[in-house]
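Undergrad: These protein sequence lines map, in sequence, to chains A and B. Take the first sequence: its position 80, counting from 1, is numbered 80 in our numbering, and each next residue is one higher. Basically our numbering = 1-based index in the second sequence + 88. No residue lacks a Cβ here, since even glycine has one placed at the ideal position from N, Cα and C. Please read all numbers here as calculations on a predicted model, not as lab measurements. Mind having a look at this structure? Questions to follow.
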Amino acid sequence: MLMCRDLAVIASDYIDGELPVFQKMSVKMHLLMCRDCRTFIGNLRASTDLMKAHSSAQADKELIRRIDERVAEALREGPQNPASRDTE
Amino acid sequence: MAHSALNEEQALIEGLKTGNEQSYKEAVRTFTPGMLAVARFYLDHSSAEEIVQDCWVTVIDAVQKFEGRSGLKTWLHRIVANRCKNRLRNSKREVPTDFSDTLEPELADRFNSKGRWDLPPKLQFHDSADSLMENGALSDCLDKHLSALPEAQRSALMLYEAHQHKSDDVCNILDVSASNLRVLLHRARQKIFLMVETFQETGEC
C-alpha cells in the first residue's frame, strides 16, 4: 500500500503525468483518503506554477549590454556575414 | 508552437541570417536567460557568461546553416551545451551532481517511521500563482532561493519550467538520463515548496 512518504517521492512524476497507469491509480486512491497528501500535492503544484509565473528570469542587464556590443561589433566587422552587407 | 509564433520565429531567423542588429537584440533578450541556465549547469558563473557571449558571436556565422530541424531555442541551447562540454573535456573537469536522494532531507524528516506525515503541510496555498507573484517580498524570496539552488537543479528547473523544453530536450542539452532529470526537478520543486510554505507561515524568507 502506498504511504504518504512514498507519494512524496513520486509527487512530481504524478504532477507531470509521468507515472505508469497502475502507480497513478494508487496515488489517486491514496489522495481520496488522505487530506494531508491532497494539500501537499496541491501546494507542490502551486509552487511549480509559481516558478513558471516567475520565469521572467531576466538575464543580468549588464551581460545583455555586453552581448549587444560584441554582436554589433562582429556584425560591423562583417566578413563572417556577407548577407548583411547586401541588405544595407 | 502556435502558427503565429512559428511565423514570428521564422521572421526572427531571417533577420538573424541577414545580420539585422535589431533581430539580434531581440534574440539576445529572448534566449540569453535560457542559454545561461544551460551554461550554469556545466560551468561557474563567470565562465558561463563568457561562453554565452562567445556563442552569440558564433551564431552570426552558424545561423546561415540553421535549417530549422529543431526550434531556434533548442538549437541555441545545444550550441551552448556543446561548447561547455568541450571546455570541460579540455580541462578534464566533471560536473559533480548528486542524484542519490529523491526527497529533500527537510521534507523526509516530516514523515514517521511508518511513512505517514508527522508534520503535514498546514496551509493550503490558496492564491493563484499570478496573485502570489504580486507579493514583491515573495518574489524577492523566490529569486533568492532560486539562486541558492544547486546549479544542476536550477538549470533543469529553468529549462523544463521556465523555458518549457520537453524532457527529451532537457536530457539531451544537459546530458542527463530521464530518471536523473526527474530527480533534479523533484528536488528543486520541493525546495521551492518548502520556501513558499515557510514564507506563508511566517512571512519570512
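Using the beta-carbon count (16 or more within 10 Å), is Thr120(B) buried or exposed?
TA: buried
Undergrad: For the 8 angstroms Cβ check, are there 3 or more pairs between the region 164-174 of chain B and the region 252-270 of chain B?
TA: yes
Undergrad: Give me the Cβ distance between Glu194(B) and Leu104(B), rounded to the nearest whole Å; I'm assuming they're in contact under 8 angstroms.
TA: So it is not a contact: roughly 45 angstroms between Cβ atoms.
Undergrad: Give the list of continuous alpha helix (DSSP H) stretches no shorter than 4 residues that lie fully inside the region 233-263 of chain B.
TA: 239-245, 255-262
Undergrad: So, is the C-beta of Thr118(B) closer than 7 angstroms to a C-beta in chain A?
TA: With 7 angstroms as the cut-off, Thr118(B) does not count as an interface residue toward chain A.
Undergrad: Sorted by chain position, which residues of the same chain lie with C-beta nearer than 8 angstroms to Leu160(B)'s C-beta, five sequence neighbours on each side aside?
TA: Glu97, Leu100, Ile101, Ala115, Phe119, Phe154
Undergrad: Short of 8 angstroms in beta carbon distance, which residues of its chain neighbour Ala250(B), apart from the five on each side in sequence? Order them along the chain.
TA: Pro121, Gly122, Ala125
Undergrad: Can you tell me which residues form a DSSP beta bridge with Trp205(B)?
TA: Phe199(B)
Undergrad: For the alpha helix (DSSP H) that Leu32(A) lies in, which residues bound it at each end?
TA: Looking at the DSSP string, the run of the alpha helix (DSSP H) that includes Leu32(A) is 21-33.
Undergrad: Using a Cβ-Cβ cutoff of 7 angstroms, what residues of the region 267-280 of chain B are near chain A? List them in chain order.
TA: Arg270, Leu273, His274, Arg277, Ile280
Undergrad: So, does the CB of Val126(B) fall closer than 7 angstroms to a CB anywhere in chain D?
TA: Among the protein chains of the structure shown, namely A and B, there is no chain D.
Undergrad: Determine the extent of the alpha helix (DSSP H) in which Asp142(B) is found, giving its start and end residues.
TA: 133-150
Undergrad: Report the rounded CA-to-CA distance for Leu32(A) versus Asp6(A), giving the unit in angstroms.
TA: 15 angstroms
Undergrad: Using a Cβ cut-off of 7 angstroms (strictly closer), state whether Ile41(A) contacts chain B.
TA: no
Undergrad: Compare the C-beta of Leu191(B) with all C-beta atoms of chain A and state if any pair is closer than 7 angstroms.
TA: Taking CB atoms only, Leu191(B) has a neighbour in chain A less than 7 angstroms away.
Undergrad: When the Cβ atoms of the region 272-281 of chain B are set against those of the region 231-248 of chain B, are three or more pairs found closer than 8 angstroms?
TA: yes
Undergrad: What number of angstroms, rounded off, separates the C-alpha of Gln252(B) from the C-alpha of His30(A)?
TA: 30 angstroms
Undergrad: Suppose you measure from the CA of Leu75(A) to the CA of Asp149(B); what does that come to, to the nearest Å?
TA: 10 angstroms
Undergrad: In whole angstroms, what separates the C-alpha of Asp132(B) from that of Ile67(A)?
TA: About 18 angstroms.
Undergrad: Can you give the Cα-Cα distance for Asp228(B) and Phe287(B), rounded to whole angstroms?
TA: 11 angstroms
Undergrad: Taking only three categories from DSSP, how would you classify Asp36(A)?
TA: helix
Undergrad: I want to see whether chain B comes within less than 7 angstroms of Val71(A), judged by CB atoms only; does it?
TA: yes
Undergrad: Would Val9(A) and Leu191(B) be called neighbours here (beta carbons separated by less than 7 angstroms)?
TA: yes
Undergrad: Excluding the 5 residues preceding and the 5 following Tyr14(A) in the sequence, name in chain order all residues of the same chain whose CB lies nearer than 6 angstroms to its CB.
TA: Val27
Undergrad: Going by other Cβ atoms of all chains shown within 10 Å of its Cβ, with 16 needed for buried, is Thr162(B) buried or exposed?
TA: By the 10 Å Cβ count, Thr162(B) comes out buried.
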